[in-house]
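Chemist:
Protein chains: 2
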Amino acid sequence: MKNNFTVTIIGSGNVATHLYKALISGKQPIDEKTPEERANVTIVNSRTLENLPGHSDIILISVKDDAIAEVAEKVKGKASIIAHTSGSVSMEVLGNCSEHFGVFYPLQTFSKDKELEYSDIPFFIEGDSQATVNALRHLANEISTEVFEADSNKRKRLHIAAVFACNFSNHLVAIADELLKEEDMDYRVLIPLLKETVKKLESMSPIDAQTGPAVRQDKTVIAAHEEMLNNEPHRKAIYTLLSSSIQEMAKKRNK
Amino acid sequence: MKNNFTVTIIGSGNVATHLYKALISGKQPIDEKTPEERANVTIVNSRTLENLPGHSDIILISVKDDAIAEVAEKVKGKASIIAHTSGSVSMEVLGNCSEHFGVFYPLQTFSKDKELEYSDIPFFIEGDSQATVNALRHLANEISTEVFEADSNKRKRLHIAAVFACNFSNHLVAIADELLKEEDMDYRVLIPLLKETVKKLESMSPIDAQTGPAVRQDKTVIAAHEEMLNNEPHRKAIYTLLSSSIQEMAKKRNK
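Which chain is which? The protein sequence lines are A and B, in order.
Just add 993 to wherever you are in the first sequence, counting from 1, and you've got the numbering used here.
Just add 993 to wherever you are in the second sequence, counting from 1, and you've got the numbering used here.
(1) Could you name the residues that DSSP lists as bridge partners for B/V1140?
(2) Is A/R1040 buried or exposed, if buried means 16 or more other CB atoms sit within 10 Å of its CB?
(3) In this structure, how does DSSP classify A/Q1101 when only helix, strand and coil are distinguished?
(4) Just to make sure I have the definition right: I need the residues of chain A whose C-beta is within less than 8 Å of the C-beta of B/Q1286. Which are they?
(5) Let me know the secondary structure DSSP gives A/D1170 once reduced to three states.
(6) In the DSSP assignment, what are the bridge partners of B/A1072?
(7) Between the Cα of A/L1194 and those of B/A1243, B/S1162, B/D1144, spot the shortest distance and give me the residue it belongs to.
(8) Helix, strand or coil for A/V1000? Go by DSSP, reduced to three states.
(9) So, for A/S1122: in the same chain, excluding its five sequence neighbours on each side, which residues have a beta-carbon less than 8 Å away from its beta-carbon?
(10) According to DSSP, what are the bridge partners of B/F1094?
(11) Compute the distance between the beta-carbons of A/P1199 and B/A1158, then report whether it is under 8 Å.
(12) Between which two residues does the alpha helix (DSSP H) carrying A/V1037 extend?
(13) Where B/Q1021 and B/Y1111 are concerned, what is the direct C-alpha to C-alpha distance, given to the nearest angstrom?
(14) Using 8 Å as the threshold, is the C-beta distance between B/K1149 and B/S1081 below it?
(15) Expressed to the nearest angstrom, what Euclidean distance is found between the alpha-carbon atoms of B/G1205 and B/G1047?
(16) How big is the Cα-Cα spacing for B/I1215 and B/L1165?
(17) For A/S1083, I'd like the list of residues in its chain whose CB is within less than 6 Å of its CB, leaving aside the five on either flank, ordered along the chain.
(18) Going by the beta-carbon positions, is the gap between A/T1190 and B/T1102 smaller than 8 Å?
(19) So, do the segment 1216-1230 of chain A and the segment 1005-1017 of chain B have three or more beta carbon pairs nearer to each other than 8 Å?
(20) Tell me the rounded alpha-carbon separation between B/I1052 and B/A1076.
(21) Is it buried or exposed, A/I1023, if we count other Cβ atoms within 10 angstroms and call 16 or more buried?
(22) So that I know if they touch, is there some Cβ in chain A lying closer than 8 Å to that of B/T1010?
(23) Grab me the residues of B/I1136's own chain with a C-beta within less than 6 Å of its C-beta, minus the 5 sequence neighbours each way, in chain order.
(24) Tell me the residue span of the alpha helix (DSSP H) that contains A/R1040.
(25) Tell me whether A/D1059 is buried or exposed, calling it buried when 16 or more other Cβ atoms sit within 10 Å of its Cβ.
(26) So what does A/I1054 bridge to, in DSSP terms?
(27) Residues of the segment 1185-1207 of chain A in Cβ contact with chain B at a cutoff of 9 Å, in chain order, please.
(28) Buried or exposed, going by whether 16 or more other CB atoms sit within 10 Å of the CB of A/Q1203?
(29) Could you name the residues of chain B that A/Q1101 contacts, counting a contact when the two beta carbons are closer than 7 Å?
(30) For a test of the three-state rule: what should DSSP assign to A/P1206, helix, strand or coil?
(31) A/V1056 and A/V1064: beta carbons closer than 8 Å?
(32) Just how far apart, CA to CA, sit B/L1187 and B/K1107?
(33) Going by beta-carbon coordinates alone, are B/L1100 and A/I1231 separated by less than 8 Å?
(34) For the alpha helix (DSSP H) that contains A/Y1180, what are its first and last residues?
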């Protein structure tokens, strides 16, 4: 890709904001590129598209899934490559708006005011052609060392896997927080445990790392926990479903 | 507590093994105690109780919940304080075996061959008297800086909260792993995301940290995910139950 290439991010949400920050700061701690070799990045709110530069090498559309097609229509012909950043939307939604189009999907949870380390975020790239893939890969490499190709099927799979592993896990901590608050305690006592739960996964697979009453088939503890949740049908349903799912998985494996 | 006090751990599982390692290594990185001021620790398998020292200042029974009472009966009178290390078993099960008895509960996930940092493991102590609490607290302080008192209700609450936040979350990663394997990918791509999910919780509560299609009320993505899981009723049930639970919690909060 030529020096001084221009990137315009469209959006104002968590992903757009963080991609902008990541691209202007570059890979940390070491980035040996000169400023001329780095992308020129602009960020534009999707409601003020009149501020869009006349031409960009790459436009990244980073708006809600439902709004991607509409924004793409409005920026038709304004870039050599138009890509979106969604885990769930197929690449083809951009096919009418640009000769070259693709996907630039960062697998990470972004919260607006939360600083984060960008250089190990996995990026998953898809493109209409090898040249598009190369250009988007080049851009992702400005941020991260972990850049992969993934077609729409793989990307959708990654997205749902991330929902299970991250969104749902966070919700389980939220339930734990409620349970602890009722006894005047705080979810923060769980943080060393949560950290170790993740750290274990660096050296052992999640099925090997599984601990707790369900995988131990500890019926006494499971019954006591279900009893404790008797007046809370919603939490009890989650407890029972996940405990039986752990046992099913262990059974399947031991066959 | 006097110098050179003696601690005997009974058990051969993950918790017993790690407590032994933690007590012989002491608080890291700095532990200014001389060897004489530290506990003398022995570990004995519950099947070879004939090897038990004649008298210990503290016996920690770290065996399966169902076996605690039986082991306690066998070591009656062999220690000034007998304590167990379980999250779920009440302290009273030890009441007949020793004048002084208590609970010494480390809130952590232990896997046998996995090294871990002991000094930030929260310990929750309960005792028949203030003197017992003080002695067990003193012992926990040999390992960790995070030592709290918690009665049986609080401890049981901590245990079930840990099941939600840790055991169940790990299982969700195991499901994500299966989903990814079916598309020739590996759960390890999720690790930066998992780390950030936990890291966020140091500065924001889990309900504030919640992201994903459910909390965004993104019906299109939720429907697409449920469609993707149509042939897998078990995973689909988990997806649907946890998504609705996230939405319920958000609704309750916005009231």
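All C-beta atoms in this analysis are idealised placements derived from N, C-alpha and C, irrespective of residue type, glycine included.
Modeler: On the basis of the coordinates in this document:
(1) B/F1116
(2) exposed
(3) coil
(4) Because chain B here runs from 994 to 1248, residue 1286 of chain B falls outside it and cannot be looked at.
(5) helix
(6) B/S1049
(7) Nearest of B/A1243, B/S1162, B/D1144 to A/L1194, Cα basis: B/S1162.
(8) A/V1000: strand per DSSP, three-state reduction.
(9) For A/S1122, where only same-chain residues beyond five positions count, the Cβ hits under 8 Å are H1093.
(10) B/I1075
(11) no
(12) No alpha helix (DSSP H) holds A/V1037; the beta strand (DSSP E) holding it covers 1033-1037.
(13) Model confidence at B/Q1021 stands at a pLDDT of 48, short of 50, so the residue's coordinates are unreliable and nothing is read from them.
(14) yes
(15) 58 Å
(16) Their Cα atoms are separated by approximately 17 Å.
(17) S1145
(18) yes
(19) no
(20) In this structure, the alpha-carbon of B/I1052 lies about 6 Å from that of B/A1076.
(21) Because A/I1023 sits at a pLDDT of 48, beneath the cut-off of 50, its placement in the model cannot be relied upon, and the following sentence gives the value as read from the coordinates. Classification of A/I1023: exposed, given that the 10 Å Cβ count is below 16.
(22) no
(23) A1015, Y1111
(24) Counting along the chain, A/R1040 falls outside any alpha helix (DSSP H), and DSSP gives it neither H nor E.
(25) exposed
(26) A/I1003, A/H1077
(27) P1185, L1186, L1187, K1188, E1189, T1190, V1191, K1192, K1193, L1194, E1195, S1196, M1197, S1198, P1199, I1200, D1201, A1202, Q1203, T1204, G1205, P1206, A1207
(28) Flag for A/Q1203 reads buried.
(29) P1185, L1186, E1189
(30) coil
(31) Result yes, Cβ atoms of A/V1056 and A/V1064 sit closer than 8 Å.
(32) If you take the alpha carbons of B/L1187 and B/K1107, they lie about 19 Å apart.
(33) no
(34) Segment: none, A/Y1180 is in no alpha helix (DSSP H) and carries neither H nor E.
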